[in-house]
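Working notes for the structure below.
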Amino acid sequence: MKEYDVSLYGAVGDGKTINTKYIQAAIDDCSKNGGGRVVVSDGVFVTGTLFMRSFVELCIEANATLKASENTDDFPHFEPEEWNVKAAPRETAKCLIYFGYINNASLCGMGKIDCSGSAFCDFVYDEEGKFTDENGRRFKCVRNTLLVPARMIFIMGCTNINVENITMLEMAGGWGYWVNNSQYVTFSKVKLYCNPRYPNADGIHINCSSDVLVDSSVIHSGDDSIIIRANTNTLKEKRVCERVVVKGCTLSSACQAVRVGWRNDGIVRDCIISDCIVTNSRTGMKFELPYSSSPTDIGENATVLENIHVSNVVFDSVEQYPILMIVHENNMFERIKNIRFSNITASSGLYPVVKGRSDAIIEEIYFDNCKFTIKGNHKNQTLPFANVKGLHLNNTTFDVVEEDVKLELFDEEYKG
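Counted from 1, the sequence shown has number 113 at position 25 by my numbering; the numbering is strictly sequential.
Dropping the structure here:
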C-alpha cells in the first residue's frame with residue numbers, strides 16, 4: 089500500500105500550527121492516485137475539518153495526536169446536496185472529520201484524536217471558585233452550539249467504513265462518532281474518554297444504518313455511550329436501522345450507557361448487545377419514547393423497536409434504572425415487541441422498568457436468567473411493569489439491599 093506522509097506536505101506536529109490544508113492535500117492525492125495510507129506520525133497535529141475520500145486509510149500512529157483546533161472558524165459550515173442539514177441536530181454539518189458519501193475508507197492507528205473539549209465549554213464558577221453543576225453531573229456551560237462542531241467524526245451515506253484502535257479524548261464539542269444512512273461500518277478496539285460532566289459528549293451514535301459492528305471497545309462518556317436510532321429527518325428517503333451488533337464493550341456514562349430509540353423514531357430492528365460491562369452510569373440501558381425533545385431531534389414516524397436481544401451483560405453501580413423501557417404520551421407508536429434480556433446481572437438504585445401506554449402495549453418481553461439487586465431510593469418507585477402483553481420472567485430474581493448506589497463518574501484524564 090502506498091503511503092502519504094502528511095509531514096511531506098508541510099504538516100508540522102508542534103501542537104500550534106493549523107495543518108488542515110496540508111493533511112487534506114495528502115488525503116486528496118492519495119484518493120486521486122487510486123488509494124493508500126495517509127500517515128500522521130511524530131507529534132501533535134492541530135487541524136480543522138478534514139474531508140475523507142474513498143480508498144483512503146487515515147492512520148494516526150502511536151506517537152501522534154490529531155488535535156481539533158480551538159478556533160471555531162476552522163470548522164466551516166457546509167451543506168451537502170445529498171441530505172438535509174437543517175434537519176440535523178444543531179442544524180449543522182460541522183465536524184472534525186467528514187466521511188461523506190464515500191466507500192472503502194478507514195480511520196486507524198494506535199494514536200489519539202484530541203477533540204479539545206474544554207475549549208468549547210465555558211465553565212460557570214460559584215463564589216468560592218468551584219464549578220457549578222447540575223445535579224452533580226454536568227458543568228453548566230455557556231457556549232454557542234452553532235459555532236462548535238456538532239460531532240467529531242461524521243460518517244454519512246457511506247459503505248464499508250472501518251475505524252480501528254483509535255483513542256478519542258475530550259469529545260465535548262459534540263458526539264464522538266455519528267453514523268447516519270450508512271452500511272457495513274465497523275468499530276474495533278476503539279477507546280473514547282472525556283470528562284463525564286461535559287455536555288453532549290456522546291460516544292458512538294448509530295442512526296438509520298445497517299450492518300454496523302461495535303466490538304471490543306471502551307467508552308467513558310458524558311452523555312450516552314452508544315445510541316441506536318432511526319431518526320429519518322435528515323434523509324431524502326426513509327431508512328430503517330437494523331443489524332447492529334455491540335459486543336465485548338466496557339461502557340460508562342453520566343447519562344445512559346446504551347440508548348435505543350427516541351421520540352418518533354422509525355424502525356429499529358434485529359440488533360444484538362452482548363458480553364458487555366456497564367459501570368458507573370446513571371441508567372444502564374434505555375428504550376425510551378420521551379415526552380419532549382429538541383425540534384431537530386423529533387422524528388416523523390411511528391416507532392418500531394423489535395427483535396432486540398441483550399445478553400451476558402453486567403450492570404454494576406447503576407444509579408437509577410438498569411433497564412428502562414417506557415412509552416410516554418404524545419409519541420407516535422406502532423410497536424415494541426420481542427425484546428429479550430438474558431444472563432443479566434445488575435446492581436442499581438431502582439428496579440428495571442417496562443411500561444407501555446393503554447393505547448401502546450409493549451409485547452413479548454423476556455427476562456431469562458437475570459439477577460437484579462436493587463439498592464437506594466427504590467421504596468418510592470411505582471409498579472415497574474405496566475401495559476405489557478407477554479412479560480416472561482424466567483429464573484429471574486429481584487433482591488432488595490438496604491444501601492445506596494452512588495454514581496462515581498470516570499473523572500481521570502486518560503494517560504495512555
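All residues carry an ideal CB built from backbone N, CA and C; glycine is no exception.
Rounded Cβ spacing between residue i and residue j (contact assumed at less than 8 Å)
| i | j | result |
| --- | --- | --- |
| residue 148 | residue 197 | 4 Å |
| residue 137 | residue 162 | 7 Å |
| residue 267 | residue 295 | 7 Å |
| residue 460 | residue 421 | At roughly 26 Å, the Cβ-Cβ gap does not stay under 8 Å, so residue 460 and residue 421 are not in contact. |
| residue 144 | residue 193 | 5 Å |
| residue 450 | residue 442 | 6 Å |
| residue 351 | residue 407 | The Cβ separation is near 23 Å, so there is no contact. |
| residue 201 | residue 246 | The pair is not a contact, with the Cβ atoms about 18 Å apart (cut-off 8 Å). |
Secondary structure of residue i, DSSP reduced to three states
| i | result |
| --- | --- |
| residue 179 | helix |
| residue 207 | helix |
| residue 447 | coil |
| residue 385 | helix |
| residue 379 | coil |
| residue 328 | coil |
| residue 338 | strand |
| residue 471 | coil |
| residue 393 | strand |
| residue 374 | strand |
| residue 112 | helix |
| residue 430 | strand |
| residue 484 | coil |
| residue 129 | coil |
| residue 402 | strand |
| residue 161 | helix |
| residue 103 | strand |
| residue 323 | coil |
| residue 363 | strand |
| residue 155 | strand |
| residue 286 | coil |
Within-9 Å CB hit, residue i to chain B
| i | result |
| --- | --- |
| residue 201 | The structure shown contains no chain B; it holds only a single protein chain. |
Bridge-paired residues (DSSP) for residue i
| i | result |
| --- | --- |
| residue 256 | 201 and 280 |
| residue 317 | 295 |
| residue 271 | 247 and 298 |
| residue 489 | Answer is none; residue 489 lacks a bridge partner. |
| residue 194 | 145 and 250 |
| residue 412 | 374 and 441 |
| residue 45 | Nothing in the structure corresponds to residue 45, since the chain is present only between 89 and 504. |
| residue 460 | 434 and 486 |
| residue 303 | 276 and 335 |
| residue 425 | 394 and 451 |
| residue 479 | 453 |
| residue 309 | 341 |
| residue 188 | 244 |
| residue 347 | 315 and 374 |
Beta-carbon spacing of residue i, residue j below 9 Å
| i | j | result |
| --- | --- | --- |
| residue 254 | residue 273 | no |
| residue 286 | residue 256 | no |
| residue 328 | residue 318 | yes |
| residue 373 | residue 398 | yes |
| residue 250 | residue 184 | no |
| residue 128 | residue 152 | yes |
| residue 337 | residue 310 | no |
| residue 412 | residue 440 | yes |
| residue 436 | residue 473 | no |
| residue 132 | residue 111 | no |
| residue 276 | residue 297 | no |
| residue 455 | residue 481 | yes |
| residue 313 | residue 349 | no |
| residue 315 | residue 293 | yes |
| residue 262 | residue 347 | no |
| residue 389 | residue 444 | no |
| residue 106 | residue 146 | no |
| residue 452 | residue 426 | yes |
Exercise. Mind the definition here: the stretch 115 to 128 touches the stretch 159 to 172 only if three or more C-beta pairs lie below 8 Å; say whether that holds.
Key: By the Cβ rule, the stretch 115 to 128 does not count as touching the stretch 159 to 172, because fewer than three pairs are nearer than 8 Å.
> When the Cβ atoms of the stretch 145 to 160 are set against those of the stretch 361 to 372, are three or more pairs found closer than 8 Å?
Replying inline: No, because fewer than three Cβ pairs between the stretch 145 to 160 and the stretch 361 to 372 fall closer than 8 Å, the two stretches do not touch.
Within 8 Å, do at least three Cβ pairs link the stretch 429 to 437 to the stretch 379 to 394? With a cut-off of 8 Å, the stretch 429 to 437 and the stretch 379 to 394 do not count as touching, because too few Cβ pairs lie within range.
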